[in-house]
Amino acid sequence: MSTATLSCVLYICNLKSLPTGPDLCQTFKEHLSPDAATNRTRAWWEWACMIERELDKGEEYKCKDLRIMGDRPVCYDLPFRPRKPCLVYSFGIDFNYVFDDAMASQQDCDVFSFDPSMGEMDHQHAPKVSFKAIGLAARDSNSYQPNLDHYVKDIVTWKVRTLASIRRMLGHENRTLDILKMDIETYEWEVIRDLLASRQLSSVRQLIIEWHIFPDEPYRHRFTDMYRSLLALKRIGFRQVYVNSFDRYHHREYFNSQADVSMVNTQFLKLSTRD
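Going by my numbering, the first residue of the sequence shown is number 2, and it counts up by one from there.
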């Protein structure tokens, strides 16, 4: 069970019972036209349902060679397959190195694993897997205070950096990032917004991400920007090759939605003839 799923289960356990009533996204699908409201009049849950609708488009690019590496699907079609010198960043470990170890041992990639929440110092996890006690964020901070929730129970501070700062720190500014993996418990939304603004994604072949909408995070006023970021990600060329949605509850008092998604950067199709 993933940390995100465990958090959801714990949240449910703290409720006397799951809320009953109409499924908001089903209501949205059946009775509301996508153009029935302007950007200024949509309810928060409409934006959340629109995010789900975008994810539910499923496979947008047919990957002919999709392999499970550890516990994550990776596309091995020629334009997107990791190639030497292969570079992988994996954010959000929670002591699970299955994907990281697979990419290092089976593909000979240089893997950098990041997680500030484990209480561990920087160390060499395996010959080609380096652990860094740093979190991925939309801004640099040495004293970032994460939200208290079922995942973070005590007041703590983390060292966090933007992707651009991490690449500079490791000397990877001019290298292609073969795979960028993120499982960072709702923080992915603000990070993606930063990556779009800083244009860091142009040199990323594949994006493996777990999207989270928890009952109390992110804040509901951010859902509009979250939806727009998802659309912007696709506008610059990223396409879904794998989607697994789960833990969906669509009620005003309890709205939860998660999805494991693998995406390829189709801009690399234009470069494949040069390889």
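Glycine included, each C-beta is placed from N, C-alpha and C at the ideal position. None of these values were measured; they are calculated from a predicted model.
Residue of the options minimising C-alpha distance to residue i
i      : options                           : result
Leu270 : Glu55, Ser131 and Ile237          : Ile237
Phe247 : Asp217, Trp212, Thr225 and Arg194 : Trp212
Lys235 : Glu218, Thr267 and Asp226         : Thr267
Trp190 : Ala233, Ser204 and Arg206         : Ala233
Trp45  : Phe92, Asp57 and Phe29            : Phe29
Ala127 : Gly120, Asp116, Ile135 and Asp109 : Asp109
Arg43  : His222, Val265 and Arg84          : His222
Asp95  : His173, Pro216, Ile185 and Val192 : Ile185
Leu272 : Met264, Asp217 and Ser203         : Ser203
Where residue i falls: helix, strand or coil (DSSP)
i      : result
Asp226 : helix
Gln207 : strand
Cys14  : Residue placement at Cys14 cannot be trusted, given a pLDDT of 47 that sits under 50; what the coordinates show is reported in the next sentence. Of the three classes helix, strand and coil, the one that applies to Cys14 here is helix, per DSSP.
Met170 : helix
Gln146 : coil
Asp276 : Residue placement at Asp276 is flagged as unreliable, the pLDDT there being 47, under the threshold of 50; a coordinate-derived value is accordingly withheld.
Leu19  : coil
Cys64  : coil
Lys58  : coil
Phe269 : helix
Arg221 : helix
Leu137 : strand
Ala260 : strand
Alpha-carbon to alpha-carbon, residue j and residue i
i      : j      : result
Phe132 : Asn245 : 27 Å
Asp111 : Met104 : 8 Å
Ala260 : Tyr98  : 20 Å
Phe256 : Pro86  : 42 Å
Glu47  : Gln107 : 43 Å
Arg162 : Leu137 : 5 Å
Thr187 : Asn175 : 28 Å
Pro80  : Arg206 : 8 Å
Cβ-Cβ distance between residue i and residue j below 9 Å
i      : j      : result
Asp78  : Val89  : no
Ala165 : Ser199 : yes
Glu31  : Tyr228 : no
Lys182 : Arg73  : yes
Tyr243 : Val262 : yes
Arg65  : Gln241 : In the sequence on display, residue 65 carries Lys and not Arg. Their beta carbons are not under 9 Å apart, which means Lys65 does not touch Gln241 by this criterion.
Phe113 : Val130 : yes
Min CB distance residue i to chain C below 9 Å
i      : result
Val262 : Any reference to chain C falls outside this structure, which holds one protein chain only.
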